[in-house]
Amino acid sequence: MERAVTHRDAGRDRDVASPEDVGLPSDFRAWRAESADMFARGWFGAYMAQVSSTFLAIRFKVFALMTVVGTTLVLMSGFFVFHLYSAQVESLIRARAIGLGEVLGNSVKRARGPADLQFIVDAISNTPRIGLVTIIDADNNVVASSQSAWRGVPVAALPDQALRDEFMRKPESGKRLDRADTDAADFMVLVTLPTGDVGKLFFRLNVSAAMTGLQQTAWSILVWLAASAVVAVLMLSLLIQRVLIAPIETLRAYAERRGAAKFVPSRGPRDEIAIVAAALTEAFEATSENETRLADLARTDSLTGLGNRSHFKSRLAHVLGQAEVDGGTVGVVILNLDKFKDINDTLGHDSGDVILQRTAEILKNCQRKGDAVARLGADEFGVILTGIAGPEEAVEYANRFIRAVGVPFRIGAHELHQTACVGLTIYPQDGRDPDVLMKNADLALSRAKLEGASACILYRHELHLRAMERNSIERDLRVALAQKQFVLFYQPKVDIRTGRISGAEALIRWQHPERGLVAPDLFIPVAERCGFIAEVTKWVLDEACRQNRAWQDAGLPKVGVAVNVSAVDLRRPDLTDIVANTLVRHAISPQYLELEVTESMVMRDVDVVIGTLRRLRSLGVGIGIDDFGTGYSSLAYLKRFPVKRLKIDRSFVRDIADLRDGKVIPKVIIDLAHSLSVNVLAEGVEDAAQLEILRNLGCDEAQGYFLGRPMPAAEFELFLRHAPNGLHPDAAIREATAVVPSTPRALRGGSAA
Ligand code: C2E
Ligand code: MG
Ligand code: MG
């Protein structure tokens, strides 16, 4: 099949795996990190973190600040009022004391004798504001007192110790005496007694009555001040809320929305918040522009400006959804340029690019309203045809594309005639899902490529052709054996550690009189279905053993030949007999024959198959499990199978140089097989790097184009003839498989045969 024409940027627009494909969603990761953090800090730490993050909000900060300011103001008012009140009380008492002291002093001075003094004392002490009055002479005897019992008594004989101390003091005129009692204030003044001596006048003022009025005034001042402070703080808060908090909160919401909705400034456009918002808007717009540009780039093919494969698929899904609703018919066209690789190789990649751009331009010009054109891969384009009446109309459009692309044109001095093939599929007849429709269009395209230049194949037509082909293969197979149209090719297997040719795999080819050399993939499945496979296997076994006998007789290094058997063969009860007879007929020792079965075959009827395989093994024939890893990969079953060799499927070898996890599966297979004492062979080794990795992983043998392509018997004979001591004829391979690696190792890309 000559289909896979590649361009140097093939795979350029292959889907890239998103982080979610290979890891966990970013939200989940953030959540996990946060919860691990919370766990580490304990619930209290987490709670405190929550609280501190809440109080980070400006509203709470201002609230806290205002509370502190309000409380301070109220406390200061209280302190101020208390201070004022004390000063008022003090000056009031002092004024009274001074007045009373002067009045009493004058009265005492004018008294004519102690009886007058007592009279004055009684007169004064009857008023409610005066508690106690006592006059003491120079010898510290009570001359007169409001306490009648004290008259004429020496101060030292008074019963009250505190009063005694006060009366004994050296008086300073008008000085208030220290007293803890707040309801009364004691004073002592010097007076001239009627005798002419200087005596002491003691009086106690009742201050509680005077203070009651003052207290009321103080309380009302305090209440007024506190209320004013609270009101002022509230007003200030409201003002700050309006002027500062609300705009900042709007700005924060705007930042959190990442500019999703417009920011409306509360005040003029030159307001600081509005300026910050404008700067944010610019940053958001730049970011979203970049994101849009990136998204566009991810969906666009940079060379042609068309959408790429992922864009095509999503567009197709959209169109199909629409068609499902309104019952329309949709055509999916895949157009591939013929022999595009030749253009790249002969005229260069720049010319190749020009042709791709020209094709894109043509398809865009042919496109109708509602249609979509995309570049799906290297030289492959897709067109979605919407609103078509049916397959005939779609075929007509597709042919129009082919004709338009096929118009001759010039690049520099070269006159070119670029042809293209089209595969076509129709919704809803050929599929309802974008993937299915694209796959079917691809299949139709493969068929179109076989038909030749400028072919257009409708998917259903392709199905029809396939059925026809199966019929013709089936018909031709029946004469193929009789007419000796089958040939065997041999592909070497090489021991990785020694470089020795350890065997060969016999691979059948059909030399068809009209089709040329036909690959087994095309006819083996048909042979299996029509029951013809038994004959084919019998022939392959016979031919492989005959050939091996001939090589051994010619004195060539002895190698085992592996023959592939199919599932149908394994179920035949006489397979062991056929194998035994063939070995005997050609006098081939069983150690030189191996049968290759695929793992899916052996897993189907495990018990029957195990019986057959055990019988074969007891003959001495080796059993190899082919394409290992593509089916059940049940290593547990391996224990039960008498297996000599395991062949790692070439799909794993292809990816083995992949740094991420290419080696994981091959390594597991190799290690487990070794633990079961089973040999491991790697299929499809195509370069030295793969061989090197396999050798480092401990793989025993390798097979693939790097070590030798499948070749006709005569060529393989030459190959064996040039194998010194059974070692690979190619010196570079011998070096690459040497036990002690000699670096740097010569890399080799070509084939051995
Ligand atoms: P298989 O047994 O896995 O055979 C190996 C296939 O891989 C062969 O293709 C071979 O040409 C190909 N190959 C070997 N090295 C490389 C490489 O380095 N790169 C690539 N890309 N391919 C490589 P072939 O000959 O087309 O055989 C295809 C399949 O057909 C075989 O797969 C086998 O399953 C089947 N087959 C071949 N001969 C017979 C036969 O005589 N009888 C039966 N029943 N099946 C056969
Ligand atoms: Mg095989
Ligand atoms: Mg294989």
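Here the sequence shown stands for residues 1237 to 1989, numbered as in this note's numbering.
The C-beta atom is built at its ideal place from N, Cα and C for all residues, glycine as well.
Does residue i pass the burial test, meaning 16 or more other C-beta atoms within 10 Å, or should it be called exposed?
i, result
"A1416", "Note that A1416 has pLDDT 47, beneath the 50 cutoff, so the model's placement of it is unreliable and the number below is only indicative. Exposed."
"Q1939", "buried"
"D1897", "exposed"
"Y1633", "buried"
"F1318", "exposed"
"F1315", "exposed"
"G1337", "buried"
"M1284", "exposed"
"G1865", "buried"
"N1177", "Since the first residue shown for the chain is 1237 and the last is 1989, residue 1177 is missing from the structure and cannot be characterised."
"Q1719", "exposed"
"N1800", "buried"
"V1425", "buried"
"G1349", "exposed"
"L1753", "exposed"
"V1838", "buried"
"Q1397", "exposed"
"G1281", "exposed"
"K1899", "buried"
"I1511", "exposed"
"W1455", "exposed"
"T1773", "buried"
"H1650", "exposed"
"R1529", "exposed"
"E1741", "buried"
If I'm right that residue i touches residue j with Cβ under 8 Å, what's the distance once you round it to whole angstroms?
i, j, result
"V1298", "I1476", "6 Å"
"V1391", "F1403", "4 Å"
"F1888", "P1878", "Their Cβ separation, rounded to whole angstroms, is 24 Å, which puts F1888 and P1878 out of contact at 8 Å."
"I1570", "Q1654", "Going by Cβ atoms, the distance from I1570 to Q1654 rounds to 17 Å, so no, they are not a contact pair."
"W1746", "F1722", "6 Å"
"V1730", "T1523", "The Cβ separation is near 57 Å, so there is no contact."
"V1857", "P1826", "5 Å"
"I1744", "V1715", "About 16 Å; that fails the 8 Å criterion."
Once the 5 residues before and after residue i are set aside, which same chain residues still bring their CB inside 6 Å of it?
i, result
"F1952", "Y1726"
"R1881", "G1860, N1915, L1917"
"A1755", "none"
"R1706", "V1762"
"S1262", "Because the pLDDT at S1262 is just 44, under 50, the model does not fix this residue reliably, and the value given afterwards should be weighed accordingly. Contacts found: none."
"L1461", "S1313"
"I1484", "I1294"
"A1909", "L1882, V1916"
Beta-carbon within less than 7 Å of residue i's beta-carbon, same chain only, minus the 5 sequence neighbours each way: which residues are those?
i, result
"H1200", "What is shown of the chain runs 1237 to 1989, which leaves residue 1200 out entirely."
"L1811", "D1805, T1848"
"G1606", "T1622, G1623"
Who are the Cβ neighbours of residue i in its own chain at under 8 Å, not counting the five residues just before and after it?
i, result
"L1353", "V1344, A1347, I1371, V1379, A1380, L1429, P1430"
"I1481", "I1294, R1295, V1298"
"C1935", "I1732, I1884, P1902, I1906, V1916, L1917, A1918"
"E1830", "G1739, G1796, V1797, A1798, V1799, V1857, G1858, I1859, G1860, K1880, R1881"
"F1520", "R1494, G1495"
"R1636", "C1602"
For ligand 4, is there any heavy atom lying closer than 7 Å to the beta carbon of residue i?
i, result
"E1919", "Ligands displayed in this structure: ligand 1, ligand 2 and ligand 3; ligand 4 is not among them."
Legend entry - Those runs of the alpha helix (DSSP H) which lie wholly inside the region 1902-1943 and span at least 4 residues: 1924-1933
Inset, instruction - Write down every uninterrupted run of the alpha helix (DSSP H) in the region 1782-1813 whose length is 4 residues or greater and which is fully enclosed by it, in chain order. - result: Listed in chain order, the complete alpha helix (DSSP H) runs (minimum 4 residues) inside the region 1782-1813 are 1803-1806.
Inset, instruction - Taking 8 Å as the threshold, find out whether the region 1426-1440 comes into contact with the region 1365-1375 through three or more Cβ pairs. - result: Contact between the region 1426-1440 and the region 1365-1375 is present, because at least three Cβ pairs lie under 8 Å.
Legend entry - Residue ranges of each beta strand (DSSP E) within the region 1670-1746, 3 or longer: 1692-1694, 1722-1731
Legend entry - the region 1597-1614 contacting the region 1531-1549, beta-carbon criterion three pairs below 8 Å: Counting C-beta pairs with one atom in each stretch, the region 1597-1614 and the region 1531-1549 have three or more that are closer than 8 Å, which means they touch.
Inset, instruction - Determine contact between the region 1839-1846 and the region 1776-1792, defined as no fewer than three beta-carbon pairs at a distance below 8 Å. - result: Segments in contact, no.
Legend entry - Uninterrupted beta strand (DSSP E) stretches inside the region 1619-1675 (no shorter than 3 residues): 1645-1647, 1650-1652, 1656-1663
Legend entry - Meets three-Cβ-pair contact criterion under 8 Å: the region 1685-1693 and the region 1755-1764: no
Legend entry - 3 or more residues per run - each beta strand (DSSP E) lying fully within the region 1377-1449: 1378-1381, 1420-1428, 1434-1442
Legend entry - Contact between the region 1521-1536 and the region 1565-1581 (3+ Cβ pairs under 8 Å): no
Inset, instruction - Any chance you could list the alpha helix (DSSP H) runs of at least 4 consecutive residues sitting entirely within the region 1569-1625, in chain order? - result: The alpha helix (DSSP H) runs of length 4 or more contained entirely in the region 1569-1625 are, from start to end of the chain, 1576-1583, 1585-1602.
Legend entry - Stretch pair the region 1466-1474 + the region 1443-1457: three plus CB contacts closer than 8 Å: no
Inset, instruction - Take every Cβ of the region 1700-1715, pair it with every Cβ of the region 1667-1675, and state whether three or more of those distances are shorter than 8 Å. - result: no
Inset, instruction - Could you tell me whether the region 1614-1626 touches the region 1549-1561, using the rule of 3 or more Cβ pairs below 8 Å? - result: yes
Legend entry - Within the region 1810-1858, ranges of the beta strand (DSSP E) (whole runs, at least 3 residues): 1829-1834
Inset, instruction - Go through the region 1277-1352 residue by residue and report every complete run of the beta strand (DSSP E) that reaches 3 residues or more, in order. - result: Segments of the beta strand (DSSP E) lying fully in the region 1277-1352: there are none.
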